[in-house]
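First comes the structure, then the notes that go with it.
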Amino acid sequence: MKFFLDTADIDEISEAASWGALAGVTTNPTLYARVGGKLADFNDHIKRICDIVGPDCPVSAESLAMTRDDLVRDGRELAAIAPNVVVKIPTMVEGLAATRTLADEGIRVNMTLCFTVPQALLAARAGARYISPFVGRFDDISEDGIEQVANIVDAVGNYDFSQNTANGEQVEVIAASIRSANHVTQCALMGADIATVPFGVLKKMVGHPLTDRGIEAFVADWEKVK
Ligand code: G3P
Numbered sequence: 018m019k020f021f022l023d024t025a026d027i028d029e030i031s032e033a034a035s036w037g038a039l040a041g042v043t044t045n046p047t048l049y050a051r052v053g054g055k056l057a058d059f060n061d062h063i064k065r066i067c068d069i070v071g072p073d074c075p076v077s078a079e080s081l082a083m084t085r086d087d088l089v090r091d092g093r094e095l096a097a098i099a100p101n102v103v104v105k106i107p108t109m110v111e112g113l114a115a116t117r118t119l120a121d122e123g124i125r126v127n128m129t130l131c132f133t134v135p136q137a138l139l140a141a142r143a144g145a146r147y148i149s150p151f152v153g154r155f156d157d158i159s160e161d162g163i164e165q166v167a168n169i170v171d172a173v174g175n176y177d178f179s180q181n182t183a184n185g186e187q188v189e190v191i192a193a194s195i196r197s198a199n200h201v202t203q204c205a206l207m208g209a210d211i212a213t214v215p216f217g218v219l220k221k222m223v224g225h226p227l228t229d230r231g232i233e234a235f236v237a238d239w240e241k242v243k
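Residue numbers (the numbering used here): 18 to 243.
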């Protein structure tokens, strides 16, 4: 499983990138608003993130345009920021149509706000390189988010969509809306390709009280040896 950071916060991205295990970044309008971002600075902000994580880490930048033509126009503009930009598009009819056009141009799309197996299969068939089902938001409405996302992972894994995506790459499922380290465990066990996690969850993934206690004991005993 690969780990993406789900944030638009430059400090968090720099810190997580320095840990050596980061494989990508996902942003969305809410996350950009949370760091005080302004529309006029959006492309520069995405460029900064791309520069921090490097060319091998995909960075998802979302278009909230509502027509196919506007989504395609935004998608081309976002993809021109850096080669590792992935255009994030909500799952809807116009989004599918725009995804097809962008994928045919070699532009990678992350189809987001995906909640059902049929939505995921349509996204994959339309050429999405990444599909982002949301775990936590299912839990929020008293559904089992893990079970729903596991269904999507299974269904997408049943087929070969590589002929559909930009550049013939294999589609990957990004488990999004992750709220805890336990969500990450469950997503790894179901075989999700990627988990995109908030920085707070990433920090919790590193630690365990027994690890801390073990380090303390080893340090204390090493002092005795010295
Ligand atoms: O990037 C989309 C997703 O991860 C949002 O998560 O916590 O707002 O449901 P959340």
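Backbone N, C-alpha and C define an ideal beta-carbon position, used for all residues, glycine too. This one's a predicted model, so the numbers in the text were calculated from it and none came from an experiment.
From the DSSP secondary-structure annotation, give me the bridge partner or partners of Y176.
Beta-bridge pairing links Y176 to no other residue.
Quick one: using the 10 Å Cβ neighbour count with 16 as the cut-off for buried, is K105 buried or exposed?
buried
Quick one: Cα of G144 to Cα of M18, how far?
22 Å
Contacting residues, own chain, Cβ-Cβ under 8 Å from V218 (five flanking each side not counted):
I195, R196, S197, A198, H200, V201
With the cut-off set at 8 Å, would you say V152 and V166 are in Cβ contact?
yes
Quick check on N168: does DSSP put it in helix, strand or coil?
helix
Bridge partners for E122 per DSSP, in chain order?
According to DSSP, which records beta bridges pairwise, E122 is partnered with nothing at all.
In the DSSP assignment, find the beta strand (DSSP E) that holds E32 and state where it starts and stops.
Careful: E32 lies outside any beta strand (DSSP E), inside the alpha helix (DSSP H) at 27-35.
Alpha carbon to alpha carbon, what distance is there between T213 and D156?
Each residue's Cα considered, the two are about 17 Å apart.
R117 and R146: beta carbons closer than 8 Å?
no
What is the rounded straight-line gap between the Cα of I244 and the Cα of Q180?
Absent from the structure is residue 244, since the part of the chain shown begins at 18 and ends at 243.
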